[in-house]
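Let me begin by presenting the structure, written as structure tokens, before commenting on it.
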Amino acid sequence: MKTLAIIAHPNISESVINKHLVHTLSSHPDTVTIHHLYDQYPDWNIDVKAEQQLVEQHDRILFQFPFYWFSCPPLLRKWMDDVLTYGWAYGRTGDKVKNKQLLLAVSAGIEQDDYKQGGKYLYTMKELLRPFELTALYTDMIYKTPFVVYDTDNQTGQDLARISQEYTAFLEIPCAAGTAC
101 MKTLAIIAHP NISESVINKH LVHTLSSHPD TVTIHHLYDQ YPDWNIDVKA EQQLVEQHDR
161 ILFQFPFYWF SCPPLLRKWM DDVLTYGWAY GRTGDKVKNK QLLLAVSAGI EQDDYKQGGK
221 YLYTMKELLR PFELTALYTD MIYKTPFVVY DTDNQTGQDL ARISQEYTAF LEIPCAAGTA
281 C
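For the sequence shown, the numbering used here begins at 101 and goes up steadily by one.
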């Protein structure tokens, strides 16, 4: 199963967690295509046809992003607005993403306990990510439970190794024989 990993981090060079997650993805070049939105479109002029063709070549779409202002970074939002068009992604003839899986990998600097009913931010991460779930529903995609890394500023080297293993398992990518992943 081919996965298009759309990396939407505006400053990935300074991100420990997202760089690490991308490194984990890069260990699987036969099954994962890594696509950095902020590198590809520094001027924010998205090539819609090229993006749609890229999506069509994959079975699964993974949005990997830091949780900014309780949502995704703005270029990913723009990508969704521009690429998931009527007649292509939805509508009577819009079936190009139908039955593709939509996966999310989200990094949050805040602790998990703050994302709960009655917590500091009142809502669970699942509730805050509901617009993505509804996008999948609206476009007939298959929404998978998100992969979330909380408290990103306090992760140790051991945590990163564990996170890498959990991310690989989340993506259902088999490890190559004789390797640790």
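The C-beta atom is built at its ideal place from N, Cα and C for all residues, glycine as well.
Between residue 208 and residue 164, the CB-CB gap reaches or exceeds 8 Å.
By the criterion of a C-beta distance shorter than 8 Å, residue 160 is surrounded in its chain by 101, 102, 103, 104, 200, 201, 202, 203, once the five residues flanking it on both sides are discounted. With respect to the 8 Å criterion, residue 132 and residue 125 are classified as neighbours on the basis of their beta carbons. Look at residue 126 here: in three-state DSSP terms it is helix. Under the Cβ criterion (8 Å, minimum of three pairs), the segment 239–246 does not count as touching the segment 105–115. When C-beta atoms of the segment 183–201 are compared with those of the segment 165–175, fewer than three pairs fall below 8 Å, so the two segments do not count as touching. Of the candidates 215, 158, 212, 158 places its Cα closest to the Cα of residue 130.
Burial of residue 239 is indicated by the presence of at least 16 other C-beta atoms within 10 angstroms of its C-beta. In the structure shown, residue 212 falls within a helical segment according to DSSP collapsed to helix, strand and coil.
Here DSSP, grouped into helix, strand and coil, assigns residue 248 to strand.
Residue burial is scored here from C-beta neighbours: residue 254 has fewer than 16 other C-beta atoms within 10 angstroms and is therefore classed as exposed.
Pairing residue 269 with residue 214, the inter-Cα distance amounts to about 26 Å.
Counting other Cβ atoms within 10 Å of its Cβ, residue 155 reaches 16 or more and is therefore classed as buried. In the assembly as shown, residue 145 is an exposed residue. Its beta-carbon has fewer than 16 other beta-carbons within 10 Å.
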